[in-house]
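Structure first, commentary second.
There are 2 protein chains.
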Amino acid sequence: MKKNPATLSDIARKLNISISTVSRALHDHPAISQSTKSRVIKLAEKLNYQPNMLALSLLNKKTNTIGIIVPEITSYFFSSIINGVQDLVNDAGYRLIISQSEESFEKEKEILDTLSKVRVDGFLVSPTSETHNAHHFNKLIESGTPLVIFDRDCTGFNADKVLVDDYDGAFQAVEYLIKTGCRRIAHITGPSKLSISRHRLHGYLDALKKYDIPKVDDLIIPVEGFTPEFGVEAAKAMMEFPELPDAIFAINDGIAIGAMYVIKEAGIQIPNQVSVIGFDDEPHSSYFIPPLTSVWQPVYDMGLLSARILLSKLKGKKSSEARYEMLKPELIVRASSREL
Amino acid sequence: MKKNPATLSDIARKLNISISTVSRALHDHPAISQSTKSRVIKLAEKLNYQPNMLALSLLNKKTNTIGIIVPEITSYFFSSIINGVQDLVNDAGYRLIISQSEESFEKEKEILDTLSKVRVDGFLVSPTSETHNAHHFNKLIESGTPLVIFDRDCTGFNADKVLVDDYDGAFQAVEYLIKTGCRRIAHITGPSKLSISRHRLHGYLDALKKYDIPKVDDLIIPVEGFTPEFGVEAAKAMMEFPELPDAIFAINDGIAIGAMYVIKEAGIQIPNQVSVIGFDDEPHSSYFIPPLTSVWQPVYDMGLLSARILLSKLKGKKSSEARYEMLKPELIVRASSREL
DNA sequence: TACATTTATGCAAAGGTTTGCATAAGTTAT
DNA sequence: ATAACTTATGCAAACCTTTGCATAAATGTA
Numbered sequence: 013m014k015k016n017p018a019t020l021s022d023i024a025r026k027l028n029i030s031i032s033t034v035s036r037a038l039h040d041h042p043a044i045s046q047s048t049k050s051r052v053i054k055l056a057e058k059l060n061y062q063p064n065m066l067a068l069s070l071l072n073k074k075t076n077t078i079g080i081i082v083p084e085i086t087s088y089f090f091s092s093i094i095n096g097v098q099d100l101v102n103d104a105g106y107r108l109i110i111s112q113s114e115e116s117f118e119k120e121k122e123i124l125d126t127l128s129k130v131r132v133d134g135f136l137v138s139p140t141s142e143t144h145n146a147h148h149f150n151k152l153i154e155s156g157t158p159l160v161i162f163d164r165d166c167t168g169f170n171a172d173k174v175l176v177d178d179y180d181g182a183f184q185a186v187e188y189l190i191k192t193g194c195r196r197i198a199h200i201t202g203p204s205k206l207s208i209s210r211h212r213l214h215g216y217l218d219a220l221k222k223y224d225i226p227k228v229d230d231l232i233i234p235v236e237g238f239t240p241e242f243g244v245e246a247a248k249a250m251m252e253f254p255e256l257p258d259a260i261f262a263i264n265d266g267i268a269i270g271a272m273y274v275i276k277e278a279g280i281q282i283p284n285q286v287s288v289i290g291f292d293d294e295p296h297s298s299y300f301i302p303p304l305t306s307v308w309q310p311v312y313d314m315g316l317l318s319a320r321i322l323l324s325k326l327k328g329k330k331s332s333e334a335r336y337e338m339l340k341p342e343l344i345v346r347a348s349s350r351e352l
Numbered sequence: 013m014k015k016n017p018a019t020l021s022d023i024a025r026k027l028n029i030s031i032s033t034v035s036r037a038l039h040d041h042p043a044i045s046q047s048t049k050s051r052v053i054k055l056a057e058k059l060n061y062q063p064n065m066l067a068l069s070l071l072n073k074k075t076n077t078i079g080i081i082v083p084e085i086t087s088y089f090f091s092s093i094i095n096g097v098q099d100l101v102n103d104a105g106y107r108l109i110i111s112q113s114e115e116s117f118e119k120e121k122e123i124l125d126t127l128s129k130v131r132v133d134g135f136l137v138s139p140t141s142e143t144h145n146a147h148h149f150n151k152l153i154e155s156g157t158p159l160v161i162f163d164r165d166c167t168g169f170n171a172d173k174v175l176v177d178d179y180d181g182a183f184q185a186v187e188y189l190i191k192t193g194c195r196r197i198a199h200i201t202g203p204s205k206l207s208i209s210r211h212r213l214h215g216y217l218d219a220l221k222k223y224d225i226p227k228v229d230d231l232i233i234p235v236e237g238f239t240p241e242f243g244v245e246a247a248k249a250m251m252e253f254p255e256l257p258d259a260i261f262a263i264n265d266g267i268a269i270g271a272m273y274v275i276k277e278a279g280i281q282i283p284n285q286v287s288v289i290g291f292d293d294e295p296h297s298s299y300f301i302p303p304l305t306s307v308w309q310p311v312y313d314m315g316l317l318s319a320r321i322l323l324s325k326l327k328g329k330k331s332s333e334a335r336y337e338m339l340k341p342e343l344i345v346r347a348s349s350r351e352l
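Printed below as a string of structure tokens:
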């Protein structure tokens, strides 16, 4: 059933002219007569001619395609970044191939590999939690394919990076809790391999230190994932404590929401007895009761900026210094935390 | 800085053998001597040779790529479908190009166009709310590129389709409300151009009819979008009614959540005074208090099935009848609605 | 020795496009 | 009438790969 798409030579044959003439006619080349042009254009339309980008890319050594690799697309966080990227690169005439690494290092390498084979012009990647060396990235860069890392740092690897200041976001959140009178502040932390988990934990600890609040190991509760289920699990554990915390700073909104659920079900008042703060400021978070205080991240802008940097590399900007951009998050105070 | 990737001829030149020999050596062709093979393989590795898929695709008239077009990727709904698709097509050796139409017909056509130019092998598309003719789809199919429609119907267009029985989902929800004693049931409906909105509205109306409950026009509240803000808006309007409804069936969870927020803030009891049911069963929905009753859709399976159908077309299945698959949704009862 | 067979390799075409250079016809100026 | 120029078109190479067919050398057989 597969008819072959029309080609230049199809048009040329039917019109008894050469392929080059057809090509030039379609590009409105000045050396082609008007009459020929119109004949060609008419037939091209009739045959539904579409230039074969494969041939073109092969010729130009350029696909006008960029590849983006994220751990997952299901989250609001990554899909919003992608939106930023998409908007910018499309306007610049590039296509975007979105791939999911599913937090697997192997898969990340595999994707990098297949996308190299299809000759994407550049890469945007947010490394997996398993990614601890950068051989595969370096190989790519050495071969001249530009690459920009975003959101998650890959320490020791020198490249263009666009990150969010997770440390600062966490610090802001915890400092706010302290200023509103909380002293026994728990932190539900994410996978320790992840740079963002470490940075947020660090921010939490430094905020405590600044106000001379002793760190209590039991109040730092590690969980394996980012979904509400893990928040439920952590909160249930917390309920067994001899003394409840008076605040919870969760690694993200999903966890915070799970924790809030357990707390409210137990009849504990938020924020009177326990304040809760999340991270990411997801769209639904403000519709819980009480609405969730959260650290907002400039997701869309992170996408835009990452894309802009990549595009400038593609435009042949002599790779000066690697750019290192650190975007500032912002604490959005709502009713799940006490007032100042 | 862009070094050209190694090619077969690079290897051939350095080894003083022909390109064909190199190609065959890398494919472990029996007619090539072991010694040659190992020399070739070694050098290929050293040069980091990667076959150029552009050349290959050009030769084979096949890119092993399929394109999927969704209105947006930010929602849990579409991103989960994409996951289903991704998992299946990757296993089958295909790449996936994800594009967003942003509910714009023009953009949909544009995407179809550029993806045709890069010669994707097949399409998966969930049409925009503006898509009311199928010329562009038909042109594609005529040219022999298979296409599967999913989630949103495009009536009058005969093609392979994988849909969810929205009518049935709505009917189930409303029937449940009636059986639990609700009589004054409001429906917050989505954009009327969208097949899913119409079908859900229809299910709502037919359920009322079955139980001889008169339709009250004021109780059908149309909104323009799917985010909680619209739910807030609709619920606020509802608050002005001389008599409150005793149940709300919302077009989706986002709307339901926004409505619940307003209702709870107003001190009205859910579900004692007002039951609320949403649609989509998003991950966060069960963590609201009360947890939201919602119509679950087999999103991942819809992705799988759509992809499976497309792949079978690509495998050269003689296009028999167009397949029309209607998946069944399921009402997940939680505490935002009364017990039976 | 002559012929058949095996083993290893190379040639060239095909896939679709662009573009520098060559060519052909037609026009203008001398 | 000839040179010089304009105008319109075509040739062929390049991008990279696969593969049917041809070739060459080496080995085996009668």
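Protein chains in written order, with this note's numbering: chain A, 13 to 352; chain B, 13 to 352. Heads up, the beta-carbon is just placed ideally off N, CA and C, and yes, glycines get one too. None of the values given here were measured: they were computed from a predicted structure.
Quickly, what does DSSP pair B/Ser111 with across the bridge? List them, please. Within the second sequence, the letter at position 99 stands for residue 111 of chain B. B/Ser111 is bridged to B/Ile81.
- Helix, strand or coil: which one does DSSP assign to A/Ile233? Within the first sequence, residue 233 of chain A is the residue found at index 221, counting from 1. A/Ile233 carries a strand assignment under DSSP once its states are collapsed to helix, strand and coil.
| Going along chain B in order, which residues have a C-beta closer than 7 Å to the C-beta of A/Tyr88? | Indexing the first sequence from 1 puts residue 88 of chain A at position 76. Near A/Tyr88 (Cβ distances below 7 Å), the residues of chain B are Thr86.
Problem set entry | Nearest to B/Lys221 (by Cα), restricted to the options B/Lys340, B/Phe183, B/Ile200, B/Ile208 | In the second sequence, the residue the question calls residue 221 of chain B occupies position 209. Relative to the Cα of B/Lys221, the nearest Cα in the group B/Lys340, B/Phe183, B/Ile200, B/Ile208 belongs to B/Phe183.
Flag A/Thr167 as yes when its Cβ comes closer than 7 Å to any non-hydrogen atom of the ligand COA, and as no otherwise.
What this structure holds is no ligand at all, so the ligand COA is not there to describe.
Proximity test, Cβ basis, 8 Å: B/Gly270 and chain A | Your numbering for residue 270 of chain B matches position 258 in the second sequence. By this cut-off, B/Gly270 is an interface position.
8 Å contact criterion, which A/Met314 and A/Val174 should meet: CB distance rounded: Here residue 314 of chain A is taken as the residue at index 302 of the first sequence, counted from 1. Here residue 174 of chain A is taken as the residue at index 162 of the first sequence, counted from 1. Their Cβ separation, rounded to whole angstroms, is 6 Å, which keeps A/Met314 and A/Val174 in contact under 8 Å.
Measure the CB-CB distance between B/Asp265 and B/Ser324 and report whether it falls below 8 Å. What you label residue 265 of chain B is simply residue 253 of the second sequence in a count that begins at 1. What you label residue 324 of chain B is simply residue 312 of the second sequence in a count that begins at 1. Taking 8 Å as the Cβ cut-off, B/Asp265 and B/Ser324 do not qualify as a contacting pair.
Query raised in the report: When DSSP builds the beta bridges, which residues end up paired with B/Glu337?
Result: Within the second sequence, residue 337 of chain B is the residue found at index 325, counting from 1. Answer by DSSP bridge pairing, in chain order: B/Val174.
Exercise for review: Report yes if the C-beta distance between B/Tyr299 and A/Gly270 is below 8 Å; otherwise report no.
Suggested key: Here the question's residue 299 of chain B lines up with position 287 in the second sequence. Here the question's residue 270 of chain A lines up with position 258 in the first sequence. It is a contact, given that the beta carbons lie within the stated cut-off.
* Output the distance between the C-alpha atoms of A/Ala43 and A/Ser21, rounded to the nearest integer angstrom. => Stepping through the first sequence from its first residue, residue 43 of chain A is reached at position 31. Stepping through the first sequence from its first residue, residue 21 of chain A is reached at position 9. Taking the straight line from one Cα to the other gives about 19 Å.
Partners in chain A for B/Asn60, counting only beta-carbon separations shorter than 7 Å:
Start at 1 with the first residue of the second sequence, and residue 60 of chain B comes out as number 48. Scanning chain A for C-beta atoms nearer than 7 Å to the C-beta of B/Asn60 yields Lys151, Ser155, reported in chain order.
inquiry  = Tell me the residue span of the beta strand (DSSP E) that contains B/Glu342.
reply    = Taking the first residue of the second sequence as position 1, residue 342 of chain B is located at position 330. Start and end: 342-344.
Beta-carbon proximity list for B/Leu231, same chain, < 8 Å, skipping 5 on both sides: As a first step, residue 231 of chain B must be located in the second sequence, where it is residue number 219. Setting aside the 5 residues that flank it on each side, B/Leu231 is surrounded in the same chain by Arg196, Ile197, Ala198, His199, Pro257, each with a C-beta closer than 8 Å to its C-beta; the list follows chain order.
Which word fits A/Arg25, buried or exposed, when buried means at least 16 other C-beta atoms lie within 10 angstroms of its C-beta? Working through the first sequence from its first residue, we reach residue 25 of chain A at position 13. It is exposed - the Cβ of A/Arg25 has fewer than 16 other Cβ atoms within 10 Å.
* Going by other Cβ atoms of all chains shown within 10 Å of its Cβ, with 16 needed for buried, is A/Lys276 buried or exposed? -> Your numbering for residue 276 of chain A matches position 264 in the first sequence. With 16 or more Cβ atoms within 10 Å of its Cβ, A/Lys276 is classed as buried.
Checklist entry - What is the DSSP secondary structure of A/Ile260, reduced to helix, strand or coil? => result For the purposes of this step, residue 260 of chain A is taken as the residue at position 248 of the first sequence. In this structure, A/Ile260 counts as strand in the three-state DSSP scheme.
(Q) Less than 8 Å between C-beta atoms, sequence neighbours within five positions excluded: which residues of the same chain meet that for B/Ser92? (A) For this step, residue 92 of chain B is matched to residue 80 along the second sequence. Short of 8 Å from the beta carbon of B/Ser92, and not among the five residues preceding or following it, lie these beta carbons of its own chain, in chain order: Val311, Tyr312, Gly315.
A/Glu114 versus A/His39: straight-line alpha-carbon distance, rounded = The residue you call residue 114 of chain A lines up with position 102 of the first sequence. The residue you call residue 39 of chain A lines up with position 27 of the first sequence. Going from the Cα of A/Glu114 to the Cα of A/His39 covers about 44 Å.
With C-beta atoms as the reference, is B/Leu8 less than 8 Å away from B/Leu136? As displayed, chain B neither begins before 13 nor continues past 352, which places residue 8 of chain B out of reach and without an answer.
In angstroms, rounded to a whole number, what distance separates the CA positions of B/Phe291 and A/Lys227? Residue numbering aside, residue 291 of chain B sits at position 279 when the second sequence is read from its first letter. Residue numbering aside, residue 227 of chain A sits at position 215 when the first sequence is read from its first letter. When rounded, the distance between both Cα atoms is 44 Å.
**OP:** Take A/Ser318 and list the residues in its own chain whose beta-carbon comes closer than 7 Å to its own, dropping the five residues that flank it on each side.
**Re:** Counting from 1 along the first sequence, the entry for residue 318 of chain A is found at position 306. Correct list, in chain order: Val97, Leu136, Val160, Phe162, Val174.
Between which two residues does the alpha helix (DSSP H) containing B/Ala56 stretch?
Within the second sequence, the letter at position 44 stands for residue 56 of chain B. That run of the alpha helix (DSSP H) goes 46-58.
* In chain A, what lies closer than 9 Å to B/Tyr106 by C-beta? -> Taking the second sequence and counting its residues from 1, the one referred to as residue 106 of chain B is at position 94. Residues of chain A whose Cβ lies closer than 9 Å to the Cβ of B/Tyr106 do not exist, since the nearest Cβ in that chain is about 11 Å away.
Margin query: Counting only C-beta atoms, is A/Arg350 closer than 8 Å to chain B at any point?
Written below: Here the question's residue 350 of chain A lines up with position 338 in the first sequence. No, A/Arg350 lies away from the interface with chain B (no Cβ there is under 8 Å from its Cβ).
Under 8 Å, CB to CB, which of the residues in the stretch 43-68 of chain A have a partner in chain B?
Within the stretch 43-68 of chain A, the residues whose Cβ lies closer than 8 Å to some Cβ of chain B are Asn60, Gln62, Pro63, Asn64, Met65, Leu66, Ala67, listed in chain order.
| Going by C-alpha distance, which of A/Gly237, A/Thr75, A/Gly328 is nearest B/Val130? | Position 118 of the second sequence holds residue 130 of chain B. Looking only at A/Gly237, A/Thr75, A/Gly328, the smallest Cα-Cα distance to B/Val130 is reached by A/Thr75.
ask   = Any Cβ of chain A within less than 8 Å of the Cβ of B/Asp281?
value = For the purposes of this step, residue 281 of chain B is identified with residue 269 of the second sequence, where counting begins at 1. The amino acid occupying residue 281 of chain B in the given sequence is Gln; Asp does not appear at that position. Taking 8 Å as the threshold, the shortest C-beta distance from B/Gln281 to chain A does not fall below it.
**Prompt:** In whole angstroms, what is the alpha-carbon distance linking A/Ile267 and A/Pro240?
**Reply:** The residue given as residue 267 of chain A occupies position 255 in the first sequence. The residue given as residue 240 of chain A occupies position 228 in the first sequence. Spanning the alpha carbons of A/Ile267 and A/Pro240 requires a straight line of approximately 5 Å.
>> Between A/His296 and chain B, is the shortest Cβ-Cβ distance under 8 Å, so that the two count as touching?
In response: As a working note, residue 296 of chain A is residue 284 in the first sequence. Judged by the 8 Å Cβ criterion, A/His296 is in contact with chain B.
So with Cβ pairs under 8 Å, would you call A/Ile321 a contact of chain B? Here residue 321 of chain A refers to the residue found at position 309 when the first sequence is read from its first residue. No - not a single Cβ of chain B is within 8 Å of the one on A/Ile321.
Identity of the residue in B/His41, B/His148, B/Asp293, B/Pro302 nearest B/Trp308 by Cα:
Along the second sequence, one-based indexing puts residue 308 of chain B at 296. The residue with the shortest Cα to Cα distance from B/Trp308 is B/Asp293.
Q. If you measure from the beta carbon of A/Pro302 to each beta carbon in chain B, is any gap under 8 Å?
A. For the purposes of this step, residue 302 of chain A is taken as the residue at position 290 of the first sequence. With 8 Å as the cut-off, A/Pro302 does not count as an interface residue toward chain B.
B/Asp292 bridges to which residues according to DSSP? Translated into positions along the second sequence, residue 292 of chain B becomes position 280. Under the DSSP definition of a beta bridge, B/Asp292 partners with B/Trp308.
### Message
Please classify A/Asn95 as buried or exposed, where buried requires at least 16 other C-beta atoms within 10 Å of its C-beta.
### Response
On the first sequence, residue 95 of chain A is found 83 positions in, with the first residue counted as 1. Answer is buried; the Cβ neighbour count reaches 16.
Practice item. Specify, as a first and last residue, the run of the beta strand (DSSP E) that B/Phe135 falls within. Key: As a first step, residue 135 of chain B is located in the second sequence; it is residue number 123 there, counting from the start. Per DSSP, B/Phe135 belongs to the beta strand (DSSP E) from 134-137.
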